[in-house]
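**Q** Top line first, the protein sequences correspond to chains A and B.
First residue of the first sequence: 0, per numbering that gives the first Met the number 0; consecutive thereafter.
First residue of the second sequence: 0, per numbering that gives the first Met the number 0; consecutive thereafter.
Sending over a structure as structure tokens; questions will come in a sec.
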Amino acid sequence: MNSPAPSPSTASPASAPVAMRGYPRADGRKGIRNFLLVAYLVECAHHVARMIASPYQGDGVQLIGFPGCYPSDYAQRVMEDLATHPNVGAVLLVSLGCEEFQRTRLKEAIAASGREVELLTIQSAGGTAGSVAKGRAWVEARLAALMAAPTVPLALSDLVIGTKCGGSDGLSGVTINPAVGYASDLLVDAGATVMFEETCELIGCESHMAARATTPELAAALTAAVRKADSYYTELGHGSFGGGNIKYGLSTLEEKSLGAYAKSGSRPISGVLKPGVRPPAPGLYLMDTVNDGPVRYGIPNINDTQTITEMVASGCHLILFTTGAGSVVGQALAPVIKGVSNSRVFARMEGDMDINGGTIADGIEGVADVGARIVEAVRAAAAGQPTKSEALGHQEFVLSYKTYEPLGPGCLPV
Amino acid sequence: MGEAGAANMIRLAAGDNVGIALVDIASGGTAATLDGFALTALEAIPQGHKIALLPIPQGADIVRLRMAVGIARADIPAGRLVHVHNVASRYLNNDQDHYE
């Protein structure tokens, strides 16, 4: 057993690599899945889209959508990012017909990406029954070809990986989050692209984060992203550090924030992203998921799934998700690998958990041991093995209204 | 608590001056990491709480997982509990209204 070393000193994970293969896309990216995406463009088309997709659950048909009727540049962009995501091989768009979403623009963008796409408009396709029949026929005509699509060799350096936590507990910052940070270091060293987020939970970490920035301009941008989150959440009236934290041994706000920040590991930070912006080069990135401008739509992200959606829009092939209380979520387009902070919840929910980080709290494994297991789980998922949430059919997806300004200067590596 | 021979404390990164108790450690008990670092707890260290791994002078950073998470408000001998009574935040005054 290895010692609980904090940060890996060598470039490659120890164990033998699993053979990974990916689906080549016209833009040069490679997918680790070849999903057929059914996407509704307003809530009024949700039921029809679900009816179309539901017989093929388990066959790689995934359901996403945007519920709003009013136009949103943000939602338009995210839907385009998702419909042209490397894990997607073909797209069926389901429109009611009178919503404001620019469905033709989306269809053209998907077609331009080299993917098969169909636009089904319920009002002109025979209503619910006619649309479901037409939609299922379109899906069935494509499933066999998608399953037999050619693949090419895939390396860790082809992968974009997001890290996220939800339902954390007092051990998250001691066990599974540092282990994800260790895995992040291994992945970055192997040439992968990794992103972390939760600027609202990084208050107090900004100076440490700024010191990891590759340029002074980026250091300023990282600090600004955290300050923006701080003021946004302060205006919403959300608290920061409290008696519950102290009871569990956390002495300061910055120590509480370190629990989430631990997932970012120790490597230099190469840039700041906003949802839909793809990292231009491998390395480690902070994703800023807080709205720009005044507080407008309430809480920036209403749940963990919305944040995951945004990381997937920025190109994440898969998500490393840590939990203490025991989240069960997956995601529609990106496999989710779930790690839990304690063995008690792992025993209770083993069917949902890919990784038990509780062995660190049990004193029998180190951070490095669990981190190496996480990298192996990444390799297995990228090689096509379903994660626990995938095998259980999880397809969580949330997209709602937000606003972002373009990235400022110095946010991305040149 | 834990398995025989299991660690009851973790040092999250090599340069840290605090360890984290993985289980409740009694006053006078031994706090030991998986890689063999051990010291005597000079007072009870509850699970999840910090123990000074070496003497931390007043004004020095409390370093956990490579990051300064606070400043020592007094000299803290090795083996002592490190918590709100002897740590100050750089960001919030612990005595003020950010407590729930």
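The beta-carbon is built from N, C-alpha and C at its ideal position, and this holds for glycine as well.
Taking the continuous beta strand (DSSP E) assigned at A/S256, which residues delimit it?
**A** On the first sequence, position 257 is the one that residue 256 of chain A refers to. Not the beta strand (DSSP E): A/S256 falls in the alpha helix (DSSP H), residues L252 to Y260.
**Q** Counting only beta-carbon separations shorter than 7 Å, does A/T9 have a partner in chain B?
**A** Working through the first sequence from its first residue, we reach residue 9 of chain A at position 10. Low per-residue confidence applies at A/T9: pLDDT is 45, beneath 50, and the placement is therefore not dependable, though the value from the model is reported in the following sentence. Chain B, which has no Cβ nearer than 7 Å to the Cβ of A/T9, makes this no.
**Q** Measure the alpha-carbon distance for A/G161 versus A/I307 and round it to whole angstroms.
**A** The residue you call residue 161 of chain A lines up with position 162 of the first sequence. The residue you call residue 307 of chain A lines up with position 308 of the first sequence. Rounded to the nearest angstrom, the two C-alpha atoms are 8 Å apart.
**Q** Closer than 7 Å, Cβ to Cβ, to anything on chain B: give me those residues from the segment 321-348 of chain A, in chain order.
**A** The residues in question: there are none.
**Q** Using a Cβ-Cβ distance cut-off of 7 Å, determine whether A/P267 contacts chain B.
**A** Within the first sequence, numbered from 1, the residue matching residue 267 of chain A stands at position 268. A/P267 does not count as touching chain B.
**Q** Would you say B/A40 faces chain A, with C-beta separation under 7 Å as the test?
**A** Mapped onto the second sequence, residue 40 of chain B falls at position 41. No - not a single Cβ of chain A is within 7 Å of the one on B/A40.
**Q** On the CB-based measure, 16 or more other CB atoms within 10 Å of its CB, does A/Y39 come out buried or exposed?
**A** As a working note, residue 39 of chain A is residue 40 in the first sequence. Buried, since its Cβ has 16 or more Cβ neighbours within 10 Å.
**Q** I'd like the ranges of any alpha helix (DSSP H) spanning at least 4 consecutive residues and lying wholly in the segment 256-302 of chain A.
**A** For the segment 256-302 of chain A, not a single whole alpha helix (DSSP H) run of length 4 or above is found.
**Q** Which chain A residues are close to B/N7, counting only those with a beta carbon under 9 Å from its beta carbon?
**A** Along the second sequence, one-based indexing puts residue 7 of chain B at 8. G362, listed in chain order.
**Q** For A/L36 and A/A82, which I take to be in contact (beta-carbon distance under 8 Å), what is that distance rounded to the nearest angstrom?
**A** Numbered from 1 along the first sequence, position 37 holds the residue referred to as residue 36 of chain A. Numbered from 1 along the first sequence, position 83 holds the residue referred to as residue 82 of chain A. Their Cβ separation, rounded to whole angstroms, is 6 Å, which keeps A/L36 and A/A82 in contact under 8 Å.
**Q** On the three-state DSSP scale, how would you describe A/M146?
**A** Locating residue 146 of chain A in the first sequence gives position 147, counting from the first residue. Correct three-state label for A/M146: helix.
**Q** According to DSSP, is A/G88 helix, strand or coil?
**A** Along the first sequence, read from residue 1 onward, the residue named residue 88 of chain A stands at position 89. If DSSP states are grouped into helix, strand and coil, A/G88 belongs with the strands.
**Q** Flag B/L64 as yes if its beta-carbon sits less than 7 Å from any beta-carbon of chain A, otherwise no.
**A** Counting from 1 along the second sequence, the entry for residue 64 of chain B is found at position 65. Yes, B/L64 counts as interfacial toward chain A.
**Q** For B/L53, does the count of other Cβ atoms within 10 angstroms reach 16, so buried, or fall short, so exposed?
**A** Stepping through the second sequence from its first residue, residue 53 of chain B is reached at position 54. With fewer than 16 Cβ atoms within 10 Å of its Cβ, B/L53 is classed as exposed.
**Q** Is the CB-CB distance between A/A191 and A/L155 below 7 Å?
**A** Here residue 191 of chain A is taken as the residue at index 192 of the first sequence, counted from 1. Here residue 155 of chain A is taken as the residue at index 156 of the first sequence, counted from 1. Yes, they are a contact pair.
**Q** Would you say B/H48 lies against chain A (beta-carbon separation less than 7 Å)?
**A** Numbered from 1 along the second sequence, position 49 holds the residue referred to as residue 48 of chain B. Cβ-Cβ to chain A under 7 Å: yes for B/H48.
**Q** Between the segment 242-276 of chain A and chain B, which residues of the former have CB atoms less than 7 Å from a CB of the latter, in chain order?
**A** Hits within the stretch, in order: G242, G243, I245, Y247, G248, S250, T251, L252, E253, E254, L257, A261 and S265.
**Q** Pull up the distance between the alpha-carbon of A/I31 and that of A/L145, whole angstroms please.
**A** In the first sequence, residue 31 of chain A corresponds to position 32, counting from 1. In the first sequence, residue 145 of chain A corresponds to position 146, counting from 1. Taking the straight line joining both Cα atoms gives about 13 Å.
**Q** Can you tell me whether A/K273 is buried or exposed? The criterion is at least 16 other CB atoms within 10 Å of its CB, across all chains shown.
**A** For this step, residue 273 of chain A is matched to residue 274 along the first sequence. By the neighbour-count rule (16 or more Cβ atoms within 10 Å), A/K273 is buried.
**Q** Identify which residue in A/N355, A/S256 and A/L319 has its Cα closest to the Cα of A/D368.
**A** Position 369 of the first sequence, counting from 1, holds the residue named residue 368 of chain A. Measuring from the Cα of A/D368, the nearest candidate turns out to be A/N355.
**Q** Looking at A/A331 and A/Q61, is the spacing between their C-beta atoms short of 7 Å?
**A** Start at 1 with the first residue of the first sequence, and residue 61 of chain A comes out as number 62. Start at 1 with the first residue of the first sequence, and residue 331 of chain A comes out as number 332. Closer than 7 Å, so yes.
**Q** Report back the beta-carbon spacing between A/G64 and A/A219 to the nearest angstrom; my notes put them in contact at under 8 Å.
**A** Start at 1 with the first residue of the first sequence, and residue 64 of chain A comes out as number 65. Start at 1 with the first residue of the first sequence, and residue 219 of chain A comes out as number 220. Actually they are not in contact, since the Cβ atoms of A/G64 and A/A219 sit about 38 Å apart, beyond 8 Å.
**Q** Would you please verify whether the beta carbon of B/V17 is less than 7 Å from any beta carbon of chain A?
**A** Locating residue 17 of chain B in the second sequence gives position 18, counting from the first residue. Closer than 7 Å: no.
**Q** Are the beta-carbon atoms of A/A74 and A/L391 separated by less than 7 Å?
**A** What you label residue 74 of chain A is simply residue 75 of the first sequence in a count that begins at 1. What you label residue 391 of chain A is simply residue 392 of the first sequence in a count that begins at 1. Result no, Cβ atoms of A/A74 and A/L391 do not sit closer than 7 Å.
**Q** Could you confirm whether any beta carbon from chain B is found closer than 7 Å to the beta carbon of A/H316?
**A** As a working mapping, residue 316 of chain A is identified with position 317 in the first sequence. No - not a single Cβ of chain B is within 7 Å of the one on A/H316.
**Q** Along the chain, where does the alpha helix (DSSP H) containing A/Y181 start, and where does it finish?
**A** Looking up residue 181 of chain A in the first sequence gives position 182. That run of the alpha helix (DSSP H) goes I175 to D188.
**Q** Whether or not the segment 63-72 of chain B and the segment 250-259 of chain A are in contact is what I'm after, with contact meaning three or more pairs of Cβ atoms, one per stretch, closer than 8 Å; do they touch?
**A** In short, these stretches touch, since the Cβ pair count reaches three.
**Q** Within the same chain, show all residues whose beta-carbon is closer than 6 Å to that of A/C204, passing over the 5 residues directly before and after it, in chain order.
**A** Counting from one through the first sequence, the residue named residue 204 of chain A turns up at place 205. So the list reads S256 and Y260, once near-sequence residues are dropped.
**Q** Could you name each continuous beta strand (DSSP E) segment of 3 residues or more that falls completely within the segment 332-356 of chain A, going from the start of the chain to the end?
**A** As far as the segment 332-356 of chain A is concerned, its whole beta strand (DSSP E) runs of at least 3 residues are 335-339.
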